[in-house]
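Residue numbers (our numbering): 16 to 401. Just so you know, even glycine gets a beta-carbon here, dropped at the ideal spot from N, CA and C. Let me begin by presenting the structure, written as structure tokens, before commenting on it.
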């Protein structure tokens, strides 16, 4: 029950209009268009990448993408390779100037996101815009990024990231599986938006924490988190292997959130074994994030139609926190998610949170963090200008 795509519920948080990016132009049209546009190569250091990308500028993991700060923006197209991009298309979300994320299906070739506007009047002042792009899918989320085409008089500026940065680690309950915009509708993505924080999500549907086969996954998150590729590598022609992730490529997180264990319980990993594997995982995490607060969410459970909610590993998450405190780690916190999600908040066929359920989780984590002492930023660090 942990690995199947489900129906769609209308979003109440992010208004999404599904768009299909304009089909790839002919070679003649492309040559003419490129001559009238500014081409930004993927290695431009003013592109602020997030998520995980391989050496070919291909995305892995849901939510991977980039941010742009642009002066005088009137048109924007994404140049996408055909060899490793999900076929027939990959869904991405685009937000302009921190507005609602809009969904696009992009494919190999030149994908028009912003069409060219009419000529600007004399004396027109260049506006500074912020463009945010993220892959949506919990699977089928690969894009082979070849570059960006902007209008010729646009200028790419430095994007200054937020001083807050959230790292999320989990399974399908964090990946937004089945939601309107999948990862963009998930509780972690929403939380990042609320706090105006940069955010990375490493969440693999069906994965156990334990490094054992679970729901078609050859590895667990205790293995996958440290790799560039998600589990899609086993079906990929270019990555039938895994590559260690270089964490120096990340914008360092200030806070780390982990929600894991549902699949370990389904695969009957004993409670004491789960605790030990969780402790081993955190010990490895601490080598990368030595001082960041770690927030361990307990299960919100499996709500069913009769009103009952079924939980798992009762008391074991507290044992993980106590185990870390016993070795002097006082920066690990238990977030009690009991009762956060009801039957009205889940898809009935797989009991995963729907859009409303993810919103409820995000609201509860927000309340927890505010009471803990973390306040949302008043503004993003890079702001658009009129």
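C-beta contact flag for residue i and residue j at 9 Å
i           : j           : result
residue 232 : residue 224 : no
residue 215 : residue 241 : no
residue 201 : residue 218 : yes
residue 198 : residue 93  : no
residue 146 : residue 227 : no
residue 83  : residue 210 : no
residue 150 : residue 207 : no
residue 62  : residue 158 : no
residue 412 : residue 193 : Residue coverage of the chain in this structure runs from 16 to 401, which leaves residue 412 outside it and unanswerable.
residue 305 : residue 328 : no
residue 400 : residue 178 : no
residue 188 : residue 85  : no
residue 370 : residue 195 : yes
Among the options, nearest to residue i - alpha-carbon criterion
i           : options               : result
residue 103 : 92, 120 and 400       : 120
residue 161 : 400, 274, 373 and 122 : 122
residue 250 : 187, 156, 337 and 68  : 156
residue 268 : 213, 257 and 255      : 213
residue 91  : 377, 203, 169 and 355 : 169
residue 368 : 236, 190, 340 and 397 : 190
residue 319 : 354, 258 and 366      : 366
residue 384 : 287, 352, 360 and 298 : 352
residue 340 : 357, 325, 309 and 303 : 309
residue 72  : 374, 297, 296 and 264 : 264
residue 279 : 107, 331, 370 and 374 : 331
residue 303 : 270, 322 and 276      : 270
residue 181 : 205, 165 and 195      : 205
Straight-line Cα distance separating residue j from residue i
i           : j           : result
residue 333 : residue 349 : 7 Å
residue 44  : residue 274 : For residue 44, the predicted model reports a pLDDT of 48, less than 50, meaning its position is unreliable; a value from the coordinates is still stated below. So the two alpha carbons sit approximately 48 Å from each other.
residue 336 : residue 364 : 33 Å
residue 101 : residue 115 : 24 Å
residue 175 : residue 81  : 12 Å
residue 38  : residue 76  : Unreliable positioning characterises residue 38 in this predicted model, as indicated by a pLDDT of 48, which lies under 50. The coordinate reading is nonetheless provided below. The straight-line gap from Cα to Cα measures roughly 25 Å.
residue 386 : residue 153 : 31 Å
residue 130 : residue 393 : 31 Å
residue 98  : residue 376 : 38 Å
residue 292 : residue 253 : 31 Å
residue 112 : residue 89  : 13 Å
Element boundaries [beta strand (DSSP E), containing residue i]
i           : result
residue 75  : 74–86
residue 66  : 63–68
residue 271 : 270–274
residue 348 : 347–350
Beta carbon proximity, residue i to chain C, threshold 9 Å
i          : result
residue 85 : Looking for chain C here will not work: only one protein chain is present.
Opening and closing residue of the alpha helix (DSSP H) in which residue i lies
i           : result
residue 328 : From DSSP, residue 328 is part of no alpha helix (DSSP H); its letter is neither H nor E.
residue 377 : 370–387
> Which parts of the region 124–187 are runs of the beta strand (DSSP E), unbroken and 3 residues or longer, counting only runs that do not cross its ends?
Replying inline: You should have 124–129, 143–150, 160–166, 170–172 and 180–185.
> What beta strand (DSSP E) runs, 3 residues minimum, are completely inside the region 190–266?
Replying inline: Listed in chain order, they are 213–218.
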